[in-house]
Amino acid sequence: MARSRRSNKYQRAALTPQSDVTRLAYGGARRVARRGAEWFVRDIPAHRAEKAYRCPECGTEIPQGQAHIVAWSAEHFFGDEAAVRDRRHYHAHCWRLA
22 MARSRRSNKY QRAALTPQSD VTRLAYGGAR RVARRGAEWF VRDIPAHRAE KAYRCPECGT
82 EIPQGQAHIV AWSAEHFFGD EAAVRDRRHY HAHCWRLA
């Protein structure tokens with residue numbers, strides 16, 4: 022009786038689609054179309070939320086230690102560095118509702 026062989030890790034890697042390496046270039050952020058513009062969005066887990074921020078959508082504070090979203094424009098007029106300087110911290114639900 023013939024023995025079936027499992028595929029090795031190289032064969033499995035060849036079958037899986039290529040990963041999107043652009044997320045690595047932007048610190049793990051994903052590109053999202055929202056409000057008629059392109060945004061880079063990064064999730065901040067609770068253990069990485071080291072400061073308190075004010076949500077621009079609802080105006081209330083995002084306390085230290087609360088998971089939230091950081092978003093910045095992908096099409097900033099003055100380039101990527103200026104876009105990162107102008108990034109904003111949103112409550113996750115405020116970003117979803119906006």
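Each number in this note's numbering comes from the position in the sequence shown (counting from 1) with 21 added on.
Note that CB positions come from ideal geometry on N, CA and C, so glycine has one too.
Every value quoted in this text rests on a predicted model; they were computed, and no experiment measured them.
Residue i lies in the alpha helix (DSSP H); which residues open and close that run?
| i | result |
| --- | --- |
| residue 33 | 30-36 |
Using 8 angstroms for Cβ pairs, my map puts residue i next to residue j. What's the rounded Cβ distance?
| i | j | result |
| --- | --- | --- |
| residue 110 | residue 76 | 7 angstroms |
| residue 67 | residue 88 | 4 angstroms |
| residue 63 | residue 49 | 6 angstroms |
| residue 83 | residue 114 | Not quite, the Cβ-Cβ distance comes to about 11 angstroms (not below 8 angstroms), so this is no contact. |
| residue 95 | residue 61 | 5 angstroms |
| residue 116 | residue 107 | The pair is not a contact, with the Cβ atoms about 16 angstroms apart (cut-off 8 angstroms). |
Along the chain, where does the beta strand (DSSP E) containing residue i start, and where does it finish?
| i | result |
| --- | --- |
| residue 113 | Premise fails: residue 113 lies in the alpha helix (DSSP H), 113-118, not in any beta strand (DSSP E). |
| residue 97 | Unbroken run through residue 97: none, as it is neither H nor E. |
| residue 64 | 58-65 |
Residues bridged to residue i by DSSP?
| i | result |
| --- | --- |
| residue 54 | 59 |
| residue 89 | 65 |
| residue 71 | Answer is none; residue 71 lacks a bridge partner. |
| residue 109 | 92 |
| residue 82 | 75 |
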